[in-house]
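Colleague: Handing you a structure now.
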Amino acid sequence: MSEFFNIPKIQYEGKASTNPLAFKYYNPDEVIGGKPMREQLKFALSWWHTMCGDGTDMFGVGTADKKWGGSDPMEIAKNKAYAAFEIMDKLSVDYYCFHDRDIAPEAGSLKETNARLDEISDVLKDLMDKSGKKLLWGTANCFNNPRYMHGAGTAPNADVFAFAAAQIKKAIELTVKLGGNGYVFWGGREGYETLLNTNLGLEQDNMARLMKMAVEYARSIGFKGDFYIEPKPKEPTKHQYDFDTATVLGFLRKYDLLGDFKMNIEANHATLAGHTFQHELRVARENGVFGSIDANQGDMLLGWDTDQFPTNIYDAVFCMYEVLKAGGFTNGGLNFDSKARRGSFTPEDIFYSYIAGMDTFALGLRMADKLIKDGRIDKFVDDRYASWKTGIGADVISGKAKMAELEAYALEKGDVISAVSSGRQEMLESILNNVLFSD
Ligand code: XLS
Ligand code: NI
Ligand code: NI
Numbered sequence: 164m165s166e167f168f169n170i171p172k173i174q175y176e177g178k179a180s181t182n183p184l185a186f187k188y189y190n191p192d193e194v195i196g197g198k199p200m201r202e203q204l205k206f207a208l209s210w211w212h213t214m215c216g217d218g219t220d221m222f223g224v225g226t227a228d229k230k231w232g233g234s235d236p237m238e239i240a241k242n243k244a245y246a247a248f249e250i251m252d253k254l255s256v257d258y259y260c261f262h263d264r265d266i267a268p269e270a271g272s273l274k275e276t277n278a279r280l281d282e283i284s285d286v287l288k289d290l291m292d293k294s295g296k297k298l299l300w301g302t303a304n305c306f307n308n309p310r311y312m313h314g315a316g317t318a319p320n321a322d323v324f325a326f327a328a329a330q331i332k333k334a335i336e337l338t339v340k341l342g343g344n345g346y347v348f349w350g351g352r353e354g355y356e357t358l359l360n361t362n363l364g365l366e367q368d369n370m371a372r373l374m375k376m377a378v379e380y381a382r383s384i385g386f387k388g389d390f391y392i393e394p395k396p397k398e399p400t401k402h403q404y405d406f407d408t409a410t411v412l413g414f415l416r417k418y419d420l421l422g423d424f425k426m427n428i429e430a431n432h433a434t435l436a437g438h439t440f441q442h443e444l445r446v447a448r449e450n451g452v453f454g455s456i457d458a459n460q461g462d463m464l465l466g467w468d469t470d471q472f473p474t475n476i477y478d479a480v481f482c483m484y485e486v487l488k489a490g491g492f493t494n495g496g497l498n499f500d501s502k503a504r505r506g507s508f509t510p511e512d513i514f515y516s517y518i519a520g521m522d523t524f525a526l527g528l529r530m531a532d533k534l535i536k537d538g539r540i541d542k543f544v545d546d547r548y549a550s551w552k553t554g555i556g557a558d559v560i561s562g563k564a565k566m567a568e569l570e571a572y573a574l575e576k577g578d579v580i581s582a583v584s585s586g587r588q589e590m591l592e593s594i595l596n597n598v599l600f601s602d
């Protein structure tokens, strides 16, 4: 394989190492929580940020060269593939994720674009066969092209809806061809700017129609994996329909899609919705729709999706706590939907940023495992709800106690303030720090 990076394969050197091109916490084959770290974490490279994103922002052109030595679009696309597999190999990242338009750019017609996708997916398949790397999930970019300015699956115009369906059909075929076990719907323009021009009911009905068709088609060509919806409250539209996990759950229940769909939870989208990352994961887990994760972090002082590589240890611990409590990933994994800052523009920065993100989650996994084994916090929560296990609490849960019984119980008891105990938040926070930083 041609070398795009003058960088050695990144090794685990342990936390005492000061080598910036080494893992301090990610030791792929070390068993933590019953499985090797590479299986617990299932890291994935995001094609769009890593292979395509050149740092262009609203105020300036790109700062990083992402042509990978190519000159025409298909040569660039192929070089992206070779470079991506070199990155994955050198970082011990086992999976990748892509939008159709990341792996091959759009051509003059849908037919020509699809031919490009056939060509490039042959290259990817060959590289996968040789390296053992896998596709975590595929998706269609139905938000970039001007035809989607008012939405794709929720477009007011039926021709646009049909075009989106055709694009999604092809993206599903590519996902199946490359053995992916996930297919993501992120509704980039599925929302609205103003209700003055929007038929919200029809738009949501149509989105559900498109999803049902996609499931039916995917299953007919042998797709056995999970479909994911990736909630996000805003950006690019003012109001996105898939606002947060709870909203998406309502949608999936209304349209009877729960059997095929789970959540792809992104940290920065959670915080944009006014939630913590852990909140979104917990809601998904408690409702049986925990699926996959887009790992990144936002900036508390900025109100948009900054997609930074995650380095916040507490967030990573709480995330991995939820993953472990969910029994680990099945079809999902940790996709770095993250980009190096515009000023971090050199090829080495790709490696530094992945190492930062991977080590953060590796440390998060180690600490979450310790937290669970320590057991003090889980026990506190358990004890806090002990009154539901016997007496009147058990009668409520079994359905034996109704309003009249509860009234009789309360009248007899008198005031219940003596049954109320402290929430002990500060004590728990200090136990948390003690467990995390005790060695
Ligand atoms: C954008 C989303 C996007 C999805 C895939 O905010 O995170 O990158 O993950 O379409
Ligand atoms: Ni994402
Ligand atoms: Ni995002």
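Sequential numbering from 164 applies to the sequence shown in the numbering used here. Even glycine gets a Cβ: it sits at the ideal position worked out from N, Cα and C.
1. Using 8 Å as the cut-off, can you tell me whether the region 469-482 makes contact with the region 518-530, which would need three or more C-beta pairs spanning the two stretches below that distance?
2. With respect to 8 Å, is the separation between the Cβ of L429 and the closest non-hydrogen atom of ligand 3 below this value?
3. What is the residue span of the alpha helix (DSSP H) that I540 lies within?
4. Any chance the CB of N459 is under 8 Å from a heavy atom of ligand 3?
5. Just to check, is the beta-carbon of H432 closer than 8 Å to a non-hydrogen atom of ligand 2?
6. Please report how far the alpha carbon of M164 lies from the alpha carbon of F248, in whole angstroms.
7. Below 8 Å, is the gap between the Cβ of D500 and the nearest heavy atom of ligand 3?
8. Less than 9 Å between the beta carbons of M237 and A267, yes or no?
9. When the Cα of L299 is compared with those of K293, F206 and T213, which residue comes out closest?
10. How far does the beta strand (DSSP E) with C260 in it extend, from its first residue to its last?
11. Alpha carbon to alpha carbon, what distance is there between A303 and K350?
12. Does ligand 1 have a heavy atom nearer than 8 Å to the CB of H262?
13. Can you tell me whether F481 is buried or exposed, with buried defined as 16 or more other CB within 10 angstroms of its CB?
14. Counting C-beta neighbours from all protein chains within 10 Å, is the total for G316 16 or more, i.e. buried, or is it exposed?
15. Which word fits E116, buried or exposed, when buried means at least 16 other C-beta atoms lie within 10 angstroms of its C-beta?
16. Give the list of continuous alpha helix (DSSP H) stretches no shorter than 4 residues that lie fully inside the region 548-591.
17. Going by the DSSP bridge assignment, what does W300 pair with across the sheet?
18. Identify whether L365 lies in helix, strand or coil by the three-state DSSP scheme.
19. Are at least three pairs of beta-carbons, each pair with one atom in the region 492-499 and one in the region 537-544, less than 8 Å apart?
20. I want to know whether the region 407-417 touches the region 443-450 - three or more CB-CB distances under 8 Å.
21. Name, in chain order, the residues that DSSP records as bridge partners for P199.
22. Mind checking who I170 pairs with in its DSSP beta bridge?
23. Entirely within the region 456-514 and at least 3 residues each: give me those beta strand (DSSP E) ranges in chain order.
24. Under the criterion of a Cβ to heavy atom distance below 8 Å, does V583 qualify as lining ligand 1?
Modeller: Taking the structure as given:
1. Taking one beta carbon from each stretch, the region 469-482 and the region 518-530 have 3 or more pairs nearer than 8 Å; the two touch.
2. Counting from one through the sequence shown, the residue named residue 429 turns up at place 266. Correcting the residue identity first, residue 429 is Glu in this sequence and not Leu. Within the cutoff, so yes.
3. Along the sequence shown, read from residue 1 onward, the residue named residue 540 stands at position 377. From DSSP, the alpha helix (DSSP H) with I540 extends over R539 to R547.
4. Within the sequence shown, numbered from 1, the residue matching residue 459 stands at position 296. For ligand 3, at least one heavy atom lies less than 8 Å from the Cβ of N459.
5. As a first step, residue 432 is located in the sequence shown; it is residue number 269 there, counting from the start. At least one heavy atom of ligand 2 is nearer than 8 Å to the Cβ of H432, so yes.
6. For this step, residue 164 is matched to residue 1 along the sequence shown. For this step, residue 248 is matched to residue 85 along the sequence shown. Reliability of the predicted coordinates at M164 is poor, the pLDDT of 49 falling under 50, and no value is obtained from them.
7. What you label residue 500 is simply residue 337 of the sequence shown in a count that begins at 1. Yes, ligand 3 has a heavy atom inside 8 Å of this Cβ.
8. Numbered from 1 along the sequence shown, position 74 holds the residue referred to as residue 237. Numbered from 1 along the sequence shown, position 104 holds the residue referred to as residue 267. Yes.
9. To locate residue 299, count along the sequence shown from 1; it is residue 136. Per the Cα distances, F206.
10. Working through the sequence shown from its first residue, we reach residue 260 at position 97. Here the beta strand (DSSP E) through C260 covers Y258 to H262.
11. Counted from its first residue, the sequence shown places residue 350 at position 187. Counted from its first residue, the sequence shown places residue 303 at position 140. Residue identity differs from the one stated: residue 350 is Gly in this sequence, not Lys. Rounded to whole angstroms, the gap between the alpha carbons of G350 and A303 is 10 Å.
12. For the purposes of this step, residue 262 is taken as the residue at position 99 of the sequence shown. For ligand 1, at least one heavy atom lies less than 8 Å from the Cβ of H262.
13. Stepping through the sequence shown from its first residue, residue 481 is reached at position 318. Looking at its Cβ environment, which holds 16 or more other Cβ atoms inside 10 Å, F481 is buried.
14. In the sequence shown, counting from the first residue as 1, residue 316 sits at position 153. So G316 ends up on the buried side.
15. The displayed coordinates of the chain run from 164 to 602. Any statement about residue 116 would go beyond what the structure contains.
16. Qualifying alpha helix (DSSP H) stretches, in chain order: 554-561 and 566-576.
17. Taking the sequence shown and counting its residues from 1, one reaches residue 300 at position 137. According to DSSP, W300 bridges with C260.
18. Here the question's residue 365 lines up with position 202 in the sequence shown. The three-state reading of DSSP puts L365 in helix, counting H, G and I together.
19. The region 492-499 is not in contact with the region 537-544.
20. Contact between the region 407-417 and the region 443-450 is established, with three or more Cβ pairs separated by less than 8 Å.
21. As a working mapping, residue 199 is identified with position 36 in the sequence shown. Per DSSP, the beta-bridge partners of P199 are V194.
22. In the sequence shown, counting from the first residue as 1, residue 170 sits at position 7. Per DSSP, none; premise fails for I170.
23. 497-499, all fully within the region 456-514.
24. Working through the sequence shown from its first residue, we reach residue 583 at position 420. Not one heavy atom of ligand 1 lies closer than 8 Å to the C-beta of V583.
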